[in-house]
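Count along the sequence shown from 1, add 2, and you get the number used in this note's numbering.
Each residue gets a CB set at the ideal place from its N, CA and C atoms; glycine is no exception.
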Amino acid sequence: MPHRSSVLNRKVALAFMAHPDDAEISCGGTLVRLQKSGWEVHIVSVTAGDCGSMTEGPEETARIRFAEGVNAAESIGATFHTLGEPDGRLVYDRVSLQKSIDLFRRIAPTLVITMPMSDYHADHEITGQLGRAASFVYAAPNASEEPVIEGSQVPYLYYTDGHDGEDRMGNAITPTTFIDISDQLETKTQMLAHHKSQLEWLRSHNGIDEYLTAMREHSRSRGTDIGTQAAEAFVQHRGHGHPSDDLLATLFPNDKSSLSIDSDLQATHS
3 MPHRSSVLNR KVALAFMAHP DDAEISCGGT LVRLQKSGWE VHIVSVTAGD
53 CGSMTEGPEE TARIRFAEGV NAAESIGATF HTLGEPDGRL VYDRVSLQKS
103 IDLFRRIAPT LVITMPMSDY HADHEITGQL GRAASFVYAA PNASEEPVIE
153 GSQVPYLYYT DGHDGEDRMG NAITPTTFID ISDQLETKTQ MLAHHKSQLE
203 WLRSHNGIDE YLTAMREHSR SRGTDIGTQA AEAFVQHRGH GHPSDDLLAT
253 LFPNDKSSLS IDSDLQATHS
């Protein structure tokens, strides 16, 4: 696999999410900043979102949600994909992992944002597992029958914030990285507004009366953590094989953009 020092020569970001609206909720502002900075941006929904309706059948729900995902992504110049796995019944197995690896192979991302592996929704957790596994192995020649794109390599990997900034047990998440999205909050809201089908679903099933307001309130809450109007929070995966320097904080620095204990990194952003 190519040496990762070439990572910035290929600026391809992949938001690898569980459901069609997850990217807009958790990292939409950061995706806007990446796209405006010259990055090619892809949004993936691992599931078809087919359980996200109280009235429509699964095929119609999936069709509606795919169209909403495409419209939201295209509104910021991004590309939407889905693996079509069953909503609410996502499993980590060889089939779902191979589908993930094959998609990574076709996109060849150098930056991946996926979902936390401890969250209120099992689909989110399994998506995080799939994203982590596919990130590490997709560039290995024998991992897929898809051709290897030049520049394929182990990418930077980040996990999004959990719902209300908590893990599955209600414990507070400690982010490694905050990205200021004060100037992107309105665009992020417009992206999420494309997912109109989720208004009644979230009200009836999740008890969220206004999904746009809930998203904005959490973004503003994270903004208070770094003294800005709005922010998104991430946890960087720094395990063996993955780049450990904080790319997002380097791209979009602010006074508290990284809470890393790496003294060299802190010195870089001081």
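From the options, residue whose alpha carbon lies closest to that of residue i
{"i": "T129", "options": "S154, I78, S102", "result": "S102"}
{"i": "H244", "options": "Q192, I228, L113", "result": "L113"}
{"i": "F68", "options": "T57, M56, A50", "result": "A50"}
{"i": "E70", "options": "I183, Y161, P22", "result": "P22"}
{"i": "V97", "options": "H83, M117, H126, L132", "result": "L132"}
{"i": "R240", "options": "E234, A233, Q37, L249", "result": "L249"}
{"i": "T57", "options": "S223, G79, S199, P255", "result": "S199"}
{"i": "R170", "options": "Q186, A136, T230, M117", "result": "M117"}
{"i": "L37", "options": "D104, D227, E148, G79", "result": "Checking the sequence shown, residue 37 turns out to be Gln, not Leu. Closest by alpha carbon: G79."}
{"i": "L105", "options": "Y122, A135, L92", "result": "A135"}
{"i": "R224", "options": "A195, F82, P177", "result": "P177"}
Cα-Cα separation between residue i and residue j, rounded to whole angstroms
{"i": "I210", "j": "H165", "result": "Any reading at I210 must be qualified, since the residue scores a pLDDT of 46, below 50, and its modelled position is unreliable; the value itself is stated next. Distance between the alpha carbons of I210 and H165: 12 Å."}
{"i": "A110", "j": "A17", "result": "12 Å"}
{"i": "H220", "j": "I45", "result": "21 Å"}
{"i": "G30", "j": "E212", "result": "18 Å"}
{"i": "V150", "j": "P143", "result": "7 Å"}
{"i": "S39", "j": "H242", "result": "28 Å"}
{"i": "A145", "j": "N11", "result": "23 Å"}
{"i": "T162", "j": "A124", "result": "15 Å"}
{"i": "S246", "j": "V237", "result": "12 Å"}
{"i": "A75", "j": "G172", "result": "31 Å"}
{"i": "A64", "j": "G90", "result": "13 Å"}
{"i": "A25", "j": "H126", "result": "11 Å"}
{"i": "F254", "j": "D182", "result": "8 Å"}
{"i": "S259", "j": "T179", "result": "Low local confidence applies: a pLDDT of 46 at S259 is under 50, so the model's placement there is unreliable, with the coordinate-based value given in what follows. Spanning the two alpha carbons is a distance of roughly 6 Å."}
{"i": "E87", "j": "Q100", "result": "12 Å"}
{"i": "E148", "j": "I66", "result": "29 Å"}
{"i": "E62", "j": "C53", "result": "10 Å"}
{"i": "N256", "j": "D227", "result": "12 Å"}
{"i": "A251", "j": "E168", "result": "22 Å"}
{"i": "Y94", "j": "V48", "result": "11 Å"}
{"i": "S137", "j": "V156", "result": "6 Å"}
{"i": "V72", "j": "R108", "result": "18 Å"}
{"i": "A174", "j": "L201", "result": "27 Å"}
Where residue i falls: helix, strand or coil (DSSP)
{"i": "D52", "result": "coil"}
{"i": "Q155", "result": "coil"}
{"i": "V46", "result": "strand"}
{"i": "G79", "result": "coil"}
{"i": "E61", "result": "helix"}
{"i": "G243", "result": "coil"}
{"i": "P143", "result": "helix"}
{"i": "H126", "result": "helix"}
{"i": "K198", "result": "coil"}
{"i": "A74", "result": "helix"}
{"i": "G40", "result": "coil"}
{"i": "L249", "result": "helix"}
{"i": "G133", "result": "helix"}
{"i": "F106", "result": "helix"}
{"i": "R35", "result": "helix"}
CB-CB length for residue i against residue j, believed under 8 Å
{"i": "M193", "j": "S77", "result": "6 Å"}
{"i": "A20", "j": "V43", "result": "At roughly 18 Å, the Cβ-Cβ gap does not stay under 8 Å, so A20 and V43 are not in contact."}
{"i": "L159", "j": "T191", "result": "With 8 Å as the limit, L159 and T191 do not qualify as a contact, their Cβ atoms being about 27 Å apart."}
{"i": "T32", "j": "E234", "result": "5 Å"}
{"i": "Q231", "j": "S184", "result": "4 Å"}
Bridge-paired residues (DSSP) for residue i
{"i": "D182", "result": "A233"}
{"i": "I115", "result": "A17, Y160"}
{"i": "Q238", "result": "Y160"}
{"i": "E168", "result": "A174"}
{"i": "E26", "result": "The partner list for E26 (beta bridge, DSSP) is empty, contrary to what the question assumes."}
{"i": "T84", "result": "S47"}
is_contact[residue i, chain C] using C-beta, thresh 8 Å
{"i": "A124", "result": "Of the protein chains in this structure there is only one, and it is not chain C."}
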